[in-house]
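Input: a single structure, listed below in structure tokens.
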DNA sequence: GGCATCTATCTTGTATGCAATCTCGGACAT
DNA sequence: ATGTCCGAGATTGCATACAAGATAGATGCC
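Protein chains in written order, with the numbering used here: chain A, 142 to 359; chain B, 142 to 359.
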């Protein structure tokens with residue numbers, strides 16, 4: 142939304158969101174306004190506005206007179222998040238194949254080739270960061286602000302559940318191969334091909350998550 | 142979101158949203174908190190929370206210390222809204238073709254057949270209402286809450302720009318024919334067919350809007 | 001006459017206070 | 001012993017009050 146927004150409410154919203162995304166505010170935790178207020182050294186008013194904002198992004202649930210809690214997602218809801226994410230990413234890729242400018246296409250290719258080096262090195266952290274940038278550039282490449290915004294929001298929401306995906310052995314190189322199919326389709330303007338390739342890629346991420354979750358649950 | 146939410150902020154949010162959607166609050170209008178407050182007979186606090194909520198749905202734009210204005214969309218942005226809408230609706234239709242329960246499928250068919258009668262009668266208002274319900278049932282039929290929510294949000298945002306679409310002569314029957322293709326694909330579980338049919342349908346709506354806008358601009 | 005600047009006023013952002021509602025613990029009745 | 005009802009405490013929702021930044025008009029200067 143508003144990137145440079147110096148109001149306390151905005152800063153609190155991002156601070157609380159960070160807390161939720163990095164796990165320091167676990168799902169199900171009750172967020173009482175008073176506590177958050179004095180914890181951040183402000184009054185209740187900006188806290189209230191931040192909470193209202195977060196509730197619309199789906200990160201927390203607010204019930205009329207019962208306060209706010211960090212959204213506790215059921216497995217079904219997480220599954221839906223991943224499905225929605227895959228669909229939206231695929232749609233963005235399709236539009237990007239049609240709408241990207243030559244400059245954007247060249248940048249996408251350069252970024253992709255840079256990631257191949259990272260994948261070979263096995264630098265998980267750097268690859269993860271580059272991966273976020275890679276996908277984001279496809280969102281913006283769709284040249285459709287509402288879709289791109291929604292994609293970013295979904296990405297934030299699935300973040301807590303996909304943290305360890307690149308830990309799986311060999312995932313980096315496979316990810317790069319899948320990216321390769323996506324990039325080739327986009328560069329050649331193959332809309333449906335880009336859609337299919339991205340859907341395949343993100344669905345595999347989902348599978349990786351499920352495998353990871355299954356091993357952790359066992 | 143929260144359907145039965147008796148807080149003033151929620152009621153104000155829907156009231157202001159209605160005002161924007163029905164045109165009584167035209168795009169570009171400045172929304173000063175004080176004015177809205179005494180206009181609705183409340184204090185500024187719930188107004189502020191309502192505005193913050195609306196800003197996240199994209200209906201209004203808020204800038205840090207400069208207040209809120211009703212979103213004034215450029216033609217490009219409106220175009221993007223329609224494109225996003227078409228893509229999301231098509232995605233919902235595809236998922237619906239896969240995920241709808243037998244009961245939902247039968248209800249969809251019944252609703253669709255009922256609309257044929259309305260189209261023949263030429264009852265524009267009733268058809269329009271039924272049309273909203275028809276599309277909404279496909280959103281929920283996707284069994285994917287995030288996507289359905291986003292679709293509803295987009296529908297609200299494009300609302301102001303598609304008000305007169307059914308006024309075009311013969312649009313009702315053509316709409317019904319297009320629905321027929323969508324319904325048939327969904328009922329038969331033809332995922333890609335449902336996607337294509339819905340994309341086609343909504344894109345035609347977009348064309349109708351553009352024709353309408355062109356005639357008005359001329 | 002035009003433009004910059006300064007100030008007065010207005011609007012927004014934040015804090016605090018009060019009323020209504022919900023939660024939770026205990027007492028009482030069955 | 002268990003279920004129900006009631007009341008105190010706590011928390012949310014709303015209103016009001018205060019502070020800070022922005023806008024606009026006027027005034028002085030070029």
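No residue lacks a Cβ here, since even glycine has one placed at the ideal position from N, Cα and C.
To be precise: take each residue of the segment 259–286 of chain B, compare its Cβ to all Cβ atoms of chain A, and keep it if any distance is under 7 Å. Which residues remain?
285, 286
Are the segment 260–280 of chain B and the segment 262–282 of chain A in contact at 8 Å, needing three or more beta carbon pairs?
no
Does the count of Cβ pairs from the segment 278–294 of chain A and the segment 221–230 of chain B closer than 8 Å reach three?
yes
Under 9 Å from the C-beta of residue 215 of chain A: neighbouring residues of chain B:
Within the first chain, residue 215 of chain A is the residue found at index 74, counting from 1. Proximity of chain B to residue 215 of chain A at the Cβ level (cut-off 9 Å) is not reached, the minimal Cβ distance being about 11 Å.
When you compare only the Cα positions, how much space is there between residue 330 of chain B and residue 239 of chain B?
Taking the first residue of the second chain as 1, we reach residue 330 of chain B at position 189. Taking the first residue of the second chain as 1, we reach residue 239 of chain B at position 98. Each residue's Cα considered, the two are about 6 Å apart.
Cβ separation of residue 199 of chain B and residue 298 of chain B, assumed to be a contact under 8 Å, to the nearest whole Å:
As a position in the second chain, residue 199 of chain B is number 58, starting the count at 1. As a position in the second chain, residue 298 of chain B is number 157, starting the count at 1. Taking the Cβ atoms as the reference, residue 199 of chain B lies roughly 6 Å from residue 298 of chain B, within the contact range of under 8 Å.
Using a Cβ-Cβ distance cut-off of 8 Å, determine whether residue 288 of chain A contacts chain B.
Taking the first chain and counting its residues from 1, the one referred to as residue 288 of chain A is at position 147. Yes, contact with chain B.
Contact belief for residue 340 of chain A with residue 222 of chain A at Cβ below 8 Å, rounded distance in angstroms
Within the first chain, the letter at position 199 stands for residue 340 of chain A. Within the first chain, the letter at position 81 stands for residue 222 of chain A. Not really, about 15 Å apart at Cβ, beyond 8 Å.
Using three-state DSSP, classify residue 175 of chain A as helix, strand or coil.
Working through the first chain from its first residue, we reach residue 175 of chain A at position 34. Here residue 175 of chain A sits in helix by DSSP.
Is the segment 146–160 of chain B in contact with the segment 184–193 of chain B, if contact means three or more CB pairs nearer than 8 Å?
yes
When the Cα atoms are used, what is the spatial distance from residue 231 of chain B to residue 248 of chain A?
Reading the second chain from its first residue, position 90 is the one you call residue 231 of chain B. Reading the first chain from its first residue, position 107 is the one you call residue 248 of chain A. CA-to-CA, the gap between residue 231 of chain B and residue 248 of chain A works out to about 30 Å.
Beta-carbon proximity list for residue 337 of chain B, same chain, < 7 Å, skipping 5 on both sides
As a first step, residue 337 of chain B is located in the second chain; it is residue number 196 there, counting from the start. Same-chain partners within the cutoff: there are none.
Please state the DSSP three-state secondary structure of residue 241 of chain B.
Along the second chain, one-based indexing puts residue 241 of chain B at 100. If DSSP states are grouped into helix, strand and coil, residue 241 of chain B belongs with coil.
Residues in the same chain with beta-carbon distance under 6 Å from residue 160 of chain A, minus the five sequence neighbours each way, listed in chain order, please.
To locate residue 160 of chain A, count along the first chain from 1; it is residue 19. Cβ neighbours of residue 160 of chain A beyond the five flanking positions: 166.
Close-in-space but distant-in-sequence residues of the same chain around residue 233 of chain A (CB under 8 Å, 5 per side omitted)
If you number the first chain from 1, residue 233 of chain A lands on position 92. Around residue 233 of chain A: 279, 280, 282, 283, 285, 288, 289, 292, 339.
For residue 164 of chain A, which of A:267, A:301, A:195, A:344 has the nearest alpha-carbon?
Against the first chain, residue 164 of chain A aligns to sequence position 23. Out of A:267, A:301, A:195, A:344, A:301 has the C-alpha closest to the C-alpha of residue 164 of chain A.
Determine the DSSP secondary structure at residue 158 of chain A, reduced to helix, strand or coil.
Here residue 158 of chain A refers to the residue found at position 17 when the first chain is read from its first residue. Helix at residue 158 of chain A.
Helix, strand or coil for residue 266 of chain A per DSSP?
Here residue 266 of chain A refers to the residue found at position 125 of the first chain. Helix.
Compare the C-beta of residue 319 of chain B with all C-beta atoms of chain A and state if any pair is closer than 8 Å.
In the second chain, the residue the question calls residue 319 of chain B occupies position 178. It does not; no Cβ of chain A falls within 8 Å.
Within 10 angstroms of its Cβ, does residue 244 of chain B collect 16 or more other Cβ (buried), or is it exposed?
For the purposes of this step, residue 244 of chain B is taken as the residue at position 103 of the second chain. Residue 244 of chain B counts as exposed, since fewer than 16 other beta carbons sit within 10 angstroms of its beta carbon.
Measure from the C-beta of residue 194 of chain A to each C-beta in chain B and report whether the shortest distance is under 8 Å.
Here residue 194 of chain A is taken as the residue at index 53 of the first chain, counted from 1. True, the Cβ-Cβ gap to chain B drops below 8 Å.
Can you tell which of B:260, B:236, B:174, B:162 has the C-alpha that lies nearest to the C-alpha of residue 206 of chain B?
Stepping through the second chain from its first residue, residue 206 of chain B is reached at position 65. Nearest option by C-alpha distance: B:174.
Name the two residues that bound the continuous alpha helix (DSSP H) containing residue 185 of chain A.
Residue 185 of chain A sits at position 44 when you count from the first residue of the first chain. 185–198 is the span of the alpha helix (DSSP H), which, as asked, contains residue 185 of chain A.
Top-ranked residue by Cα proximity to residue 236 of chain A, from A:214, A:195, A:323, A:194
Along the first chain, read from residue 1 onward, the residue named residue 236 of chain A stands at position 95. Answer by Cα proximity: A:323.
Below 8 Å between beta carbons: does that hold for residue 172 of chain B and residue 210 of chain B?
The count along the second chain starts at 1 and reaches residue 172 of chain B at position 31. The count along the second chain starts at 1 and reaches residue 210 of chain B at position 69. Between residue 172 of chain B and residue 210 of chain B, the CB-CB gap stays under 8 Å.
What's the call for residue 333 of chain B, buried or exposed, on a 16-neighbour Cβ count within 10 Å?
Against the second chain, residue 333 of chain B aligns to sequence position 192. Its Cβ having fewer than 16 others within 10 Å, residue 333 of chain B is exposed.
List, in order along the chain, the chain B residues whose C-beta lies closer than 7 Å to that of residue 224 of chain A?
Indexing the first chain from 1 puts residue 224 of chain A at position 83. The contacting residues are 285.
Any Cβ of chain A within less than 8 Å of the Cβ of residue 340 of chain B?
Taking the first residue of the second chain as 1, we reach residue 340 of chain B at position 199. Answer no: the Cβ-Cβ gap between residue 340 of chain B and chain A never drops below 8 Å.
Length of the line joining the Cα atoms of residue 313 of chain B and residue 346 of chain B
Looking up residue 313 of chain B in the second chain gives position 172. Looking up residue 346 of chain B in the second chain gives position 205. In a straight line, the C-alpha of residue 313 of chain B is about 11 Å away from that of residue 346 of chain B.
According to DSSP, is residue 303 of chain B part of a helix, a strand, or is it coil?
Locating residue 303 of chain B in the second chain gives position 162, counting from the first residue. Collapsing the DSSP output to three states places residue 303 of chain B in coil.
Just to make sure I have the definition right: I need the residues of chain A whose C-beta is within less than 7 Å of the C-beta of residue 295 of chain B. Which are they?
In the second chain, counting from the first residue as 1, residue 295 of chain B sits at position 154. Going along chain A in sequence order, the residues near residue 295 of chain B (Cβ under 7 Å) are 287.
Taking DSSP as the reference, what is the three-state secondary structure of residue 359 of chain B?
Locating residue 359 of chain B in the second chain gives position 218, counting from the first residue. Because residue 359 of chain B sits at a pLDDT of 43, beneath the cut-off of 50, its placement in the model cannot be relied upon, and the point is left open.
Taking Cβ-Cβ distances shorter than 7 Å, what residues in chain B pair up with residue 302 of chain A?
Translated into the one-based positions of the first chain, residue 302 of chain A becomes position 161. In chain order: nothing, as chain B lies at least about 13 Å away.
By the three-class DSSP mapping on this structure, what secondary structure does residue 260 of chain B have?
Taking the first residue of the second chain as position 1, residue 260 of chain B is located at position 119. Here residue 260 of chain B sits in helix by DSSP.
The segment 229–261 of chain A: positions lying closer than 7 Å to chain B by Cβ
Legend: CB atoms of the segment 229–261 of chain A lying less than 7 Å from CB atoms of chain B belong to residues 232.
Spatial neighbours of residue 201 of chain A within its chain, please: C-beta separation below 7 Å, excluding the five flanking residues on both sides.
As a first step, residue 201 of chain A is located in the first chain; it is residue number 60 there, counting from the start. Excluding the 5 residues flanking it on each side, residue 201 of chain A has same chain C-beta neighbours closer than 7 Å at 172, 192, 195, 209, 210, 211, 212, in chain order.
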